[in-house]
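Down below is the structure, laid out as structure tokens.
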């Protein structure tokens, strides 16, 4: 056990985590020259296409240092704020962390956020200064920033370049010397923590675990403590590039387990695995429940696919524990699910994965957040409003509260003005402004979560020319003046397009929504009025004009009354058609609200 090291790699987006993981794998001989490729651990097509890590990836390496053989268990983690739950789970399975900082970009918001996660779990932090080979690198200044942040000696910061391979041996030496060996008792009964799982259509659920006490053998009779179910360990092994079956996984090590479970709901991330015959008495404290930030409805295009969509979502939840969903129904879209996500990128990725991995074509409704409503009858009882249609009648409503966040933005001093005006436009209140260096400023704002859900991050990147980094944490609920804006098509309310908005923005957004929908809804044989309304008051209207047949083409010359008669007849037909006609809403229309500023 003294020769095992469990560590993860944490950093901001694009600071070189996955490239460094590639270099570590080739330096320890975990991959052959033929298997080598960039972003080796990013196994999903989506990750490769976008150049981001979405899932944390565990892999085992073997390394000889000063004549002794060591087993290194590495977990490469995502850097985007929307996948921070993946990072927190990876950290729970480790004793140390490599904190990567880009020598050109210095410390960013997510670097600090991930560092605090690691420090909360008492991890040994090894700072690595990456990309020192870049012409724009500024190693001395960034090293000083890291020393200020961590309070370590400048000698402890390892200069490296994952691209060219500089400093890789020093990093491996630091892992072995500085990261503590796992602690645990091999003689106690089995106690293992599930930190991830994946669904294999041929073998059922594959569970990834870390043994804290005891050992797990092939064929052993085991028990999952949260669900209380027993299984046999059909196969256990370690996670190399391909799975490597073994007879036994001992204390402190990380491995995978296949028990032939076919039902995705039977495996919970954060659960404890123990021996069925002599179970351990205390469960390991799992992970805290995830707090979704953004809610959206996901509906199958064809209502008959509802059950298939449920099965797909359960399998996806195995692999991404931060996805939360409950069934709901909508008058416009039928049966579907109300899903909770950690942010807009997370929502986009889930939608893509459903389409690619499970062949499910889905309709996603406008994302929103959950509010608290209080009625006049019971002013102390909270009514949870996840969907605009859950809002109590305005005559009974006492007050509304919406979730606020503390947003931390780190940017160059040149962009402070434009970042501030963007945040104030989004109803933010500035609480702090700190100059980290003469060039870099940290701005803190209290903002409503609903304002950052749509396009805030994209616009922040635009106004700061890509230099601003953004991180947020919830700070509770605050009272707010909110109104429900309904969209009526042909006089009928479309509940999937309703939105809860702040009173000051309601008129502008209602007007923009109507204009956008007019461009997206195809023309029919009759006029389609598109209206935005607050209660019974119409605040905006646009009309999609009817396609018209030229009924007077056959009249040449003659009296005007003949033409008038034909046009009146057509008018009556259009009116009748409008009463019975249905308006088809294209998929883009549901997401149009997100692109109102385009």
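In my numbering, the protein residues as written are 61 to 658. We put the CB at the ideal spot given by N, CA and C, even for glycine. What you are looking at is a predicted structure, and each value in this text was computed from that prediction instead of being measured.
**Given residue 132 as reference, the closest of 645, 314, 465 and 490 once Cα atoms are compared** = 314
**Prompt:** Taking just the CA atoms, how far does residue 569 sit from residue 616?
**Reply:** 48 Å
**Inter-residue spacing [alpha-carbon to alpha-carbon] between residue 227 and residue 83** = 10 Å
**Prompt:** How would you write the range of the beta strand (DSSP E) that residue 418 sits in, first residue to last?
**Reply:** No beta strand (DSSP E) contains residue 418, which is instead part of the alpha helix (DSSP H) from 404 to 418.
**Message:** Pop quiz: residue 217 and residue 240 are said to be a contact at Cβ under 8 Å. What is the actual Cβ separation, rounded to whole angstroms?
**Reply:** About 20 Å; that fails the 8 Å criterion.
**Request:** Kindly list the residues whose CB is nearer than 8 Å to the CB of residue 220, restricted to its own chain and excluding five residues on each side of it in sequence; keep chain order.
**Result:** 80, 188, 189, 190, 192, 226, 227, 228, 230 and 231
**Prompt:** Do three or more CB pairs link the stretch 444 to 452 to the stretch 410 to 421 at distances below 8 Å?
**Reply:** no
**Request:** For residue 173, decide whether its Cβ has a neighbour in chain C, counting only Cβ atoms nearer than 7 Å.
**Result:** Included in the structure is just one protein chain, with no chain C present.
**Request:** Using the DSSP secondary-structure output, state which residues sit across from residue 543 in a beta bridge.
**Result:** 561
**Message:** Among 540, 140, 242 and 409, whose alpha-carbon lies nearest the alpha-carbon of residue 273?
**Reply:** 242
**Request:** Round the Cβ separation of residue 136 and residue 69 to the nearest angstrom and send it over; I've been treating them as touching at under 8 Å.
**Result:** 5 Å
**Asked** What first and last residue would you give for the alpha helix (DSSP H) that runs through residue 477?
**Response** 476 to 485
**Request:** Following the continuous alpha helix (DSSP H) through residue 64, name the residue where it begins and the one where it ends.
**Result:** Where residue 64 is concerned, there is no enclosing alpha helix (DSSP H), although the beta strand (DSSP E) it sits in stretches over 64 to 70.
**Message:** Measuring alpha carbon to alpha carbon, tell me which residue in 322, 482, 386 and 619 is nearest residue 517.
**Reply:** 482
**Prompt:** Hey, how far is the Cα of residue 158 from the Cα of residue 234?
**Reply:** 10 Å
**Request:** Going by CA-CA distance only, name the one from 334, 329, 351 and 395 that's closest to residue 358.
**Result:** 395
**Message:** Going by C-alpha to C-alpha distance, which of 147, 646 and 473 sits closest to residue 177?
**Reply:** 147
**Prompt:** Sorted by chain position, which residues of the same chain lie with C-beta nearer than 7 Å to residue 575's C-beta, five sequence neighbours on each side aside?
**Reply:** 602
**Request:** Excluding the 5 residues preceding and the 5 following residue 511 in the sequence, name in chain order all residues of the same chain whose CB lies nearer than 6 Å to its CB.
**Result:** 486 and 487
**Request:** Could you tell me whether the stretch 431 to 439 touches the stretch 455 to 462, where touching means 3 or more Cβ pairs closer than 8 Å?
**Result:** yes
**Request:** Tell whether a beta-carbon distance below 7 Å holds between residue 268 and residue 255.
**Result:** yes
**Asked** If you check the beta carbons only, do residue 590 and residue 578 fall under 7 Å apart?
**Response** yes
**Item:** Check whether residue 545 and residue 592 have beta carbons under 7 Å apart
**Value:** yes
**Request:** Please list, in chain order, all residues of the same chain as residue 212 whose beta carbon is under 7 Å from its beta carbon, the five residues on each side excluded.
**Result:** 187
**Message:** Are the CB atoms of residue 171 and residue 121 within a distance shorter than 7 Å?
**Reply:** no
**Message:** At the level of alpha carbons, what is the spacing between residue 625 and residue 634?
**Reply:** 14 Å
**Item:** Length of the line joining the Cα atoms of residue 605 and residue 557
**Value:** 21 Å
**Request:** Could you please give me the residues that DSSP links to residue 251 through a beta bridge?
**Result:** 273 and 334
**Message:** Between the stretch 375 to 389 and the stretch 322 to 332, can you find at least three pairs of beta-carbon atoms closer than 8 Å?
**Reply:** yes
**Request:** Have a look at residue 386 and residue 539 and give me their C-alpha separation to the nearest angstrom.
**Result:** 27 Å
**Cβ separation of residue 465 and residue 509, assumed to be a contact under 8 Å, to the nearest whole Å** = 5 Å
**Prompt:** From what residue to what residue does the beta strand (DSSP E) around residue 317 run?
**Reply:** 314 to 318
**Message:** Considering only the alpha carbon of each residue, which of 298, 150 and 541 lies closest to residue 433?
**Reply:** 541
**Request:** Would you check if the distance between the CB atom of residue 282 and the CB atom of residue 293 is smaller than 7 Å?
**Result:** yes
**Request:** Just the C-alpha distance for residue 415 and residue 646, rounded to the nearest angstrom, thanks.
**Result:** 18 Å
**Asked** Going by the CB atoms, is the gap between residue 403 and residue 355 shorter than 7 Å?
**Response** no
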